[in-house]
Amino acid sequence: MHPKRIKPKPGQESVWDYPRPPRLEKSNKHIRIVFAGEVILDTNLSFRILETSHPPTYYIPHSAFKEGVLIPVAGASYCEWKGEANYYDIRIVSKISERAAWGYKNPNSRYPELKNTVSIYAHKVDACFINDEKVQAQNGDFYGGWITSDIVGPFKGGEGTWGW
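Residue numbering for the sequence shown follows the working numbering, starting at 5 and increasing by one per position.
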């Protein structure tokens with residue numbers, strides 16, 4: 005049983021109003037990601053996945069990242085909705101953040117727009133920004149949602165939320 009939904013204020017979204025299965029939508033919000041003191045991404049091109057109890061997860065075209073920062077690594081995981089995920093390290097010179105990003109080379113047919121996109125774990129880089137607001141990472145090592153002031157929970161990911 006999940007905790008009580010926080011009622012959104014005007015201009016906010018509740019993650020409890022998001023659908024299951026998740027909805028994918030195009031976003032033109034300004035996204036900037038900083039790692040090792042360098043901007044590795046600055047774009048207005050992304051998609052976001054909206055899933056019940058989760059803050060949005062942003063998927064950004066691989067081509068929008070600074071060249072050479074995404075390093076494919078071995079291993080995969082499986083999402084019941086999106087399919088098999090592949091992982092990336094992020095590297096700037098000698099600084100590496102292991103398995104800090106993931107994407108879907110061959111997403112399930114429901115989400116073809118995710119092909120050649122990448123999502124970032126906000127807690128594994130210096131900072132992620134949406135429209136110049138620094139995001140807060142979703143709790144837990146498994147989830148990659150980004151929390152901003154226009155999103156309310158409670159959010160899945162923290163201790164005791166696996167059964168939601």
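Idealized CB from N, CA, C, for every residue including glycine.
{"Asked": "Integer Cβ distance of residue 106 from residue 25, believed to fall under 8 Å", "Found": "Going by Cβ atoms, the distance from residue 106 to residue 25 rounds to 19 Å, so no, they are not a contact pair."}
{"Asked": "Buried or exposed by the 16-neighbour rule on C-beta atoms within 10 Å, applied to residue 151", "Found": "buried"}
{"Asked": "Among 100, 22, 11, 111, the one whose alpha carbon lies nearest that of residue 128", "Found": "100"}
{"Asked": "Where residue 141 sits in the DSSP three-state scheme", "Found": "strand"}
{"Asked": "Contact under 9 Å by Cβ, residue 118 with residue 94", "Found": "no"}
{"Asked": "Contact belief for residue 155 with residue 59 at Cβ below 8 Å, rounded distance in angstroms", "Found": "5 Å"}
{"Asked": "Alpha-carbon spacing of residue 20 relative to residue 72, whole angstroms", "Found": "38 Å"}
{"Asked": "Test item: CB-CB of residue 122 and residue 35 under 9 Å", "Found": "no"}
{"Asked": "Element boundaries [beta strand (DSSP E), containing residue 106]", "Found": "99 to 107"}
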